[in-house]
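Numbering (the numbering used here), first residue to last: 214 to 324. One structure is given below, encoded as structure tokens.
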């Protein structure tokens, strides 16, 4: 017997969002916990509220996996760009470009 999932009301969603912010802030500020642990704790606290709306745990799990897959490609792009910039900085490419541009430009150009 499958329950039909309901859409949360504004106040229900706002109260859950407030709870998540409170859990993360309390853990980080009072206990000095890392953000990853507090986000996982907030996730565990939110799952019963999601299931109360009529979603099964399998639907919640599938939704989380789909969200992670959507976020993976941009995260890899940002990581790759960071590695590239780090390699340019350590090899002297970026400092050389900055130096050459500072030699080429004259203060009168900006006035």
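All C-beta atoms in this analysis are idealised placements derived from N, C-alpha and C, irrespective of residue type, glycine included. Computed from a predicted structure; not experimentally measured.
- Candidates 219, 220, 222 and 248, of which the one nearest residue 233 by Cα: 248
- Message: Taking only three categories from DSSP, how would you classify residue 268?
- Response: coil
- Just the Cα atoms here: how many angstroms apart are residue 319 and residue 313? 12 Å
- First and last residue of the uninterrupted alpha helix (DSSP H) at residue 240: 223 to 242
- Message: Quick check on the DSSP output: the alpha helix (DSSP H) that includes residue 321 runs from which residue to which?
- Response: 320 to 323
- Query: Any idea what DSSP makes of residue 214, helix, strand or coil?
  - Reply: Unreliable placement is indicated for residue 214, whose pLDDT of 44 sits below 50; no coordinate value is reported for it.
- Message: What would DSSP say about residue 220, mapped onto helix, strand or coil?
- Response: coil
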